[in-house]
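Here the structure is laid out as structure tokens; the discussion comes afterwards.
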Amino acid sequence: MHLPRHWLKHLRQFHPHYASLVEQDDKTAAFYTDRDTGSWIEMAIAEATQLGISVVIEGTMRDQDKVAATLKALRAAGFEVDARALAVHHCMSVQGILMRYEGQKQDRGWARMTTDAA
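Numbering (the numbering used here), first residue to last: 58 to 175.
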């Protein structure tokens, strides 16, 4: 099975309210769809685990318990787990978020803003 790189982060566009939320305020649309898309990603990881498909999971690891449970489930399913972390100064992280937002806004007229808490 071959899936496009980073395909899961594009699930948000399939949320039934995402287009209208982007139209209202593209800076808050991701916040309002986060729980649903997070659930979809969890389901995709569970399905891949059940099917024995290797996965690369990228995220902020903001919920340590969920990260630990996911890694434990993958190990229990026979996967070799390798976790990597990237430490970025807060100012650089915020600058990266803003640069991505402005670039997307310029390229397509709307963008996805990430909250500081994410």
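The beta carbon of each residue, even a glycine, is placed where N, CA and C say it ideally should be. Quantities reported herein were computed from a predicted structural model and do not represent experimental measurements.
Cβ neighbour criterion (16 or more within 10 Å) applied to residue i
{"i": "Thr117", "result": "exposed"}
{"i": "Thr172", "result": "exposed"}
{"i": "His74", "result": "exposed"}
{"i": "Val79", "result": "buried"}
{"i": "His72", "result": "buried"}
Alpha carbon of residue i to alpha carbon of residue j, nearest angstrom
{"i": "Met58", "j": "Val113", "result": "In this prediction, Met58 has a pLDDT of 47, which is less than 50 and means its spatial position is unreliable; what the coordinates show is noted afterwards. When rounded, the distance between both Cα atoms is 14 Å."}
{"i": "Ala168", "j": "Ala101", "result": "24 Å"}
{"i": "Gly95", "j": "His67", "result": "12 Å"}
{"i": "Ala87", "j": "Ala133", "result": "32 Å"}
{"i": "Phe136", "j": "Glu104", "result": "14 Å"}
Delimiting residues of the alpha helix (DSSP H) encompassing residue i
{"i": "Thr117", "result": "Note, Thr117: premise wrong, no alpha helix (DSSP H); not H, not E."}
{"i": "Thr94", "result": "86-108"}
{"i": "Leu68", "result": "First-last for Leu68: undefined, no H or E at that position."}
{"i": "His74", "result": "From DSSP, His74 is part of no alpha helix (DSSP H); its letter is neither H nor E."}
{"i": "Leu155", "result": "147-165"}
Nearest-angstrom beta carbon gap, residue j and residue i [assumed within contact, 8 Å]
{"i": "Leu131", "j": "Val138", "result": "5 Å"}
{"i": "Asp83", "j": "Met170", "result": "7 Å"}
{"i": "Leu128", "j": "Ala140", "result": "7 Å"}
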